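Down below is the structure, laid out as structure tokens.
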Amino acid sequence: MKPKIMYIENKSEGHNGLAWIGLVEFSKSGQTVYFDNKALKKFKTTGISGNHYDIETGEEYWVSGVKKNGEDRHKYGGGKVMLDKKSVEEYLKFINAENVDEKKFILIEFSKTDKSRFDEIENAEMGI
341 MKPKIMYIEN KSEGHNGLAW IGLVEFSKSG QTVYFDNKAL KKFKTTGISG NHYDIETGEE
401 YWVSGVKKNG EDRHKYGGGK VMLDKKSVEE YLKFINAENV DEKKFILIEF SKTDKSRFDE
461 IENAEMGI
């Protein structure tokens with residue numbers, strides 16, 4: 341799968357967890373999302389409040405496409421969303437906006453993800 345702009349929220353603090361928007365990469369199967377030096381694997385069954393989990397920490401995350409209206413945070417959630425600088429132009433085009441709303445976003449740079457470091461963890465889960 342080719343990289344895609346996604347919304348990702350850490351659900352360990354309910355609706356107020358850290359949140360990001362930016363380009364993510366996917367595993368060949370599409371079951372694992374890689375971003376900011378993290379690997380988030382899709383739950384086989386529904387999690388408590390997330391649909392993916394961090395394969396290193398076990399923390400739950402919500403991963404979804406971004407909304408065209410720019411309102412990605414849950415209506416009861418709060419906090420600024422971290423927007424990857426490399427994704428700004430494409431994100432603004434998608435939501436049909438001219439500028440980044442500094443009341444809602446903090447611009448950051450995602451760390452490069454070395455997907456090979458997660459291979460051992462994922463293969464151990466599969467018993468390989």
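Position in the sequence shown (first residue = 1) + 340 = our numbering. Think of the CB as a built atom: it goes at the ideal place given N, C-alpha and C, for glycine as much as any other residue. Only a predicted model underlies this, so the values are computations on that prediction, with no experimental measurement involved.
Reducing DSSP to helix, strand and coil, say where valine 421 ends up. The sequence position of residue 421 within the sequence shown is 81, counting from 1. If DSSP states are grouped into helix, strand and coil, valine 421 belongs with the strands.
Identify the residues that DSSP records as bridge partners of phenylalanine 445: which are they? As a first step, residue 445 must be located in the sequence shown, where it is residue number 105. Answer is Val421, bridged to phenylalanine 445.
Does the separation of the CB atoms of valine 421 and arginine 413 fall below 9 Å? Working through the sequence shown from its first residue, we reach residue 421 at position 81. Working through the sequence shown from its first residue, we reach residue 413 at position 73. Result yes, Cβ atoms of valine 421 and arginine 413 sit closer than 9 Å.
Quick one: what's got a C-beta closer than 8 Å to isoleucine 468's C-beta in the same chain, skipping five residues either side? Your numbering for residue 468 matches position 128 in the sequence shown. Residue confidence for isoleucine 468 is low, a pLDDT of 44 falling below 50, so the modelled location carries little weight; the figure read from the coordinates is stated next. Taken in chain order, the list of residues that qualify is empty.
Bridge partners - glycine 405, DSSP secondary structure assignment: The residue you call residue 405 lines up with position 65 of the sequence shown. In the DSSP output, where bridge partners are listed per residue, glycine 405 has Met346.
Near serine 427, which residues of its chain fall below 8 Å by C-beta distance, leaving aside the five closest residues on each side in sequence? Against the sequence shown, residue 427 aligns to sequence position 87. The answer, listed in chain order, is Ile345, Ile361, Gly362, Leu363.
Only counting the same chain, and skipping five residues up and downstream in sequence, which positions put a Cβ closer than 7 Å to that of proline 343? Here the question's residue 343 lines up with position 3 in the sequence shown. For proline 343, where only same-chain residues beyond five positions count, the Cβ hits under 7 Å are Leu363, Val364, Glu365.
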